[in-house]
Structure formats: structure tokens, C-alpha cells
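Below: the structure, in C-alpha cells.
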Amino acid sequence: MTRHLTIAVLLALAAALVCTLAALAAQASELDALKYSTGPEYRAEVARIFVTDQAYLRRLEVQNKPVALVTVTAYNAEPMQTDSDPNVAASMRRVRPGTIAVSRDLFDKGWVFGRKVRIEGVGIFEINDLMAARHDKSIDIFIGNNQQCQAFGKRHIRAALLSI
Numbered sequence: 000m001t002r003h004l005t006i007a008v009l010l011a012l013a014a015a016l017v018c019t020l021a022a023l024a025a026q027a028s029e030l031d032a033l034k035y036s037t038g039p040e041y042r043a044e045v046a047r048i049f050v051t052d053q054a055y056l057r058r059l060e061v062q063n064k065p066v067a068l069v070t071v072t073a074y075n076a077e078p079m080q081t082d083s084d085p086n087v088a089a090s091m092r093r094v095r096p097g098t099i100a101v102s103r104d105l106f107d108k109g110w111v112f113g114r115k116v117r118i119e120g121v122g123i124f125e126i127n128d129l130m131a132a133r134h135d136k137s138i139d140i141f142i143g144n145n146q147q148c149q150a151f152g153k154r155h156i157r158a159a160l161l162s163i
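The opening position of the sequence shown corresponds to residue 0 in our numbering, with each subsequent residue numbered one higher.
In C-alpha cells form, the structure reads like this:
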């Protein structure tokens, strides 16, 4: 009887080993994919997209990807332009260059914290904050100083929610 129990335990251990090896193989595959996404091929693809911004946005529109005509403005961390704590965004992270605030209608459509957005002719930004409820189809780019914010002005351009 103990011999059968020993064989059963060995079979269970062998099955567990096979499952572990399969999981390790899957992780290795994910690491290979990550290596591509940060390697020179990925950077070349991002550069190509920058160069062909117009064509890229049109292609996204044809593929029914989230592209919107939005009002784009700029803001900085002044109490008059923010809530009671001007240095903390709605995502509970600090505001910083390279981040944006989106209007609540866009947020409700999946433009949520941490996602990347390409703004036509401006660049790629990370969603980090929410705009006041009175804004619709709007994006606010965080820029450190007031003069640059005023120089940026108000623009009506296309923006695309990216899947990277």
C-alpha cells in the first residue's frame, strides 16, 4: 500500500514540475516581448509614428480606435488652476511635465489614469489628472510655468488614446 502511495506522490510531484516549467516558459515569452517593447525596434517604431503623425491618426480613425477632436490647453500647479493641493493630481500622484488632465467625459470613455495619449503635433502624454466637471472633450497639459501655459494657448486638435 505504501508503494502505491509513494508512486502517487511522485506522479503528483512530476505534474507540479511540468506545470512549473510551463509557467516559466510563459514568463520567458513575456520577458522576450518586454525586451522588444523597450529595445531599438520599439524606439524606431515610436520615431516612425512621430514622423507620420497625421497618417497614424487617420489609420486609428479607420480602425475605430479612440481618436477625438479635443480642446487642448495647458495648466500649471497654481492654486487658482487646481484644487486645494496643487501638487497632487486626481490620481493621487504628483503633477509633473509629461502628464495631462482629461475631461470627465473622456475619462468615462476609458481615458483613465496611466493611459498614454498622443496629441497631434504636440507629443505623447500620460493621463494623471481630471479637469473640472464643466469641461467637455478637453485635455489640459501640465506645463511648469505660467508664461509657457499662456504661450501654448487654446488649440482644437485631434488626440488618440494609445494602447502602449
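Glycine residues also receive a C-beta, built at the ideal position from the N, C-alpha and C atoms. Quantities reported herein were computed from a predicted structural model and do not represent experimental measurements.
- Taking 7 angstroms as the cut-off, the Cβ atoms of Phe151 and Thr98 do not count as close.
- With respect to the 7 angstroms criterion, Val71 and Ile156 are classified as neighbours on the basis of their beta carbons.
- Judged by DSSP in its simplified three-state form, Asn86 adopts coil rather than helix or strand.
- For Asp104, the uninterrupted alpha helix (DSSP H) run begins and ends at Arg103 to Asp107, by DSSP.
- Here Leu10 carries a helix assignment [DSSP, helix/strand/coil].
- Sequence-distant partners of Asp135 (beyond 5 residues in either direction) whose C-beta falls short of 7 angstroms from its own C-beta, in its chain, are Ser102 and Asp104.
- Annotation for Ala159: the continuous beta strand (DSSP E) segment containing it runs Arg154 to Leu160.
- Looking at the DSSP output, Asp139 sits in a beta bridge with Thr72 and Ala100.
- Annotated three-state conformation of Phe151 is helix, per DSSP.
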